[in-house]
Amino acid sequence: MTAALPPFRAEHVGSLLRPKALTEAFRLHNRGELDDTAYHAAQDEAVREVVALQADVGLRMVTDGEFRRGSYWGHFIGPVEGLSVKDAVYTFRDDHGHEQAFIAPHIDGPVRRVRGISTAEFKFLKSVSAAEPKITLPSPPTFHFWRGREALGPGSYESPEAFFADFARVYREEIAELAELGARYIQLDEVPLAMLCDPKVQAQVRDAGEDPQALVRLYVDAINAAIAERPAGMTVGLHLCRGNFKGKYLSEGGYEPVAEQLFNDVAVDAFFLEYDTARAGDFSPLRLVPEGRHVVLGLVSSKAPELESVDSLAARIDEAAAYLPLERLSLSPQCGFASAVSGNPVTIEIERQKLSRVVETAVRVWGEA
Numbered sequence: 066m067t068a069a070l071p072p073f074r075a076e077h078v079g080s081l082l083r084p085k086a087l088t089e090a091f092r093l094h095n096r097g098e099l100d101d102t103a104y105h106a107a108q109d110e111a112v113r114e115v116v117a118l119q120a121d122v123g124l125r126m127v128t129d130g131e132f133r134r135g136s137y138w139g140h141f142i143g144p145v146e147g148l149s150v151k152d153a154v155y156t157f158r159d160d161h162g163h164e165q166a167f168i169a170p171h172i173d174g175p176v177r178r179v180r181g182i183s184t185a186e187f188k189f190l191k192s193v194s195a196a197e198p199k200i201t202l203p204s205p206p207t208f209h210f211w212r213g214r215e216a217l218g219p220g221s222y223e224s225p226e227a228f229f230a231d232f233a234r235v236y237r238e239e240i241a242e243l244a245e246l247g248a249r250y251i252q253l254d255e256v257p258l259a260m261l262c263d264p265k266v267q268a269q270v271r272d273a274g275e276d277p278q279a280l281v282r283l284y285v286d287a288i289n290a291a292i293a294e295r296p297a298g299m300t301v302g303l304h305l306c307r308g309n310f311k312g313k314y315l316s317e318g319g320y321e322p323v324a325e326q327l328f329n330d331v332a333v334d335a336f337f338l339e340y341d342t343a344r345a346g347d348f349s350p351l352r353l354v355p356e357g358r359h360v361v362l363g364l365v366s367s368k369a370p371e372l373e374s375v376d377s378l379a380a381r382i383d384e385a386a387a388y389l390p391l392e393r394l395s396l397s398p399q400c401g402f403a404s405a406v407s408g409n410p411v412t413i414e415i416e417r418q419k420l421s422r423v424v425e426t427a428v429r430v431w432g433e434a
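Heads up: take any position in the sequence shown, counting from 1, add 65, and you land on the numbering used here.
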């Protein structure tokens with residue numbers, strides 16, 4: 066029987082590779098050499114094309130590829146008063162020991178939603194797609210963790226709890242307006258909880274004078290407060306990611322250190338879990354997923370060009386089904402293909418092949434996409 070509500074058997078996380086015409090328009094617009102009207106026209110055309118790509122491979126859900134964003138969280142800067150950008154205290158890395166610094170949100174003052182954040186994105190996406198439109202939002206902890214104890218600037222908040230109490234209102238207002246526009250499928254992209262599975266990150270947190278388990282509790286509560294007033298009939302997923310920037314990652318380690326609180330206490334309908342490499346550990350934490358929660362297995366790599374086989378993916382799904390019933394599982398890439406404009410080191414053709422492979426495997430395993 067075909068599922069009427071998301072998540073579907075074949076999914077993807079959200080961001081997709083920008084075509085060259087769009088990345089060039091992005092650069093020209095940033096340099097002041099392309100006006101807003103022309104830039105928005107380029108974005109509109111690119112979104113139409115990527116919606117068609119998703120339909121062509123057989124997906125029942127669709128995103129706009131996050132084509133209107135510089136990064137998956139960057140569109141909050143501006144529409145939310147009190148936020149700016151500074152250097153993160155963590156670095157991306159790869160298996161060869163190369164490191165990459167990055168920028169992160171910073172809290173300058175009291176936060177307040179002054180205009181729609183993703184509402185215009187959703188409105189256009191819904192107008193050009195017959196499939197189920199999914200809108201992605203960075204999770205609340207995204208705006209706190211990467212700056213560590215420096216996240217709260219002078220004159221902002223006395224405690225993280227006070228910040229998240231205000232920030233929850235930002236999300237509730239945004240989700241309410243998205244619902245009015247017809248959104249019934251939202252995904253929160255969450256990196257800090259996945260990072261807190263890594264013993265090295267835990268040690269770094271302790272060295273900074275903080276308690277990793279206290280942060281887990283804080284972040285679980287922050288996510289729940291943000292989605293507390295979502296309307297009936299809206300599906301909310303939580304995507305867990307260990308970092309995704311130009312093929313690099315931020316952390317490693319299985320979900321066991323956070324699994325019990327994550328799966329039982331976060332009030333979402335589905336978990337999108339990164340499982341494309343050994344860095345994510347084994348499937349045993351899935352035994353802790355309670356009734357009524359769905360898991361989307363991120364088995365296809367958005368970072369590496371090699372195309373996974375249907376047989377290998379089906380075998381891994383069978384492994385996961387030893388801990389969670391098959392009917393409560395789906396398949397996707399482990400993350401987006403372009404969490405920032407630069408994208409991962411794969412081509413749009415490889416991206417298409419991988420999304421097609423997700424659909425093909427879903428049909429093999431479940432009889433539907």
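Just so it is clear, CB atoms sit at the ideal spot from N, CA and C, and this is done for glycine as well.
*asked:* According to DSSP, S421 sits in a beta bridge with which residue or residues?
replied: For S421, DSSP records no beta bridge to any residue.
*7 Å Cβ shell around R212 - same chain, five flanking residues per side excluded*: K151, A153, V154, A169 and H171
*Specify the secondary structure class of A335 as computed by DSSP and reduced to three states.*
In the three-state DSSP reduction, A335 falls in the strand class (E or B).
*Measure the Cβ-Cβ separation of V375 and D341 and say whether it is below 9 Å.*
Going by C-beta atoms, V375 is not nearer than 9 Å to D341.
*Using CA coordinates, which residue listed in T156, V406, L351 and A117 is at the minimum distance from H140?*
V406
*What is the residue span of the alpha helix (DSSP H) that E317 lies within?*
Note, E317: premise wrong, no alpha helix (DSSP H); not H, not E.
*Which ranges would you report for the beta strand (DSSP E) in the region 89 to 159 if only whole runs of at least 3 residues count?*
145 to 152
*Excluding the 5 residues preceding and the 5 following I292 in the sequence, name in chain order all residues of the same chain whose CB lies nearer than 6 Å to its CB.*
The residues V301, in chain order, have a CB closer than 6 Å to that of I292 in the same chain once the five nearest residues on each side in sequence are set aside.
*If you compare alpha carbons, which of F210, A324 and A75 is closest to A379?*
A75
*At which residue ranges does the region 157 to 215 contain complete beta strand (DSSP E) runs of 3 or more residues, listed in the order of the chain?*
168 to 178 and 200 to 203
_Applying the 10 Å Cβ sphere with the 16-neighbour rule, what's the burial state of P390?_
With fewer than 16 Cβ atoms within 10 Å of its Cβ, P390 is classed as exposed.
*Every unbroken alpha helix (DSSP H) within the region 239 to 270, with a cutoff of 4 residues, ordered by chain*: Entirely contained in the region 239 to 270, the alpha helix (DSSP H) runs reaching 4 residues are, in chain order, 257 to 260.
*Should the region 235 to 250 be called in touch with the region 179 to 196, which here means at least 3 C-beta pairs below 8 Å?*
With a cut-off of 8 Å on Cβ pairs, the region 235 to 250 is in contact with the region 179 to 196, counting three or more such pairs.
*What's the C-alpha gap between G218 and P175?*
10 Å
*asked:* At the level of alpha carbons, what is the spacing between A111 and L118?
replied: 11 Å
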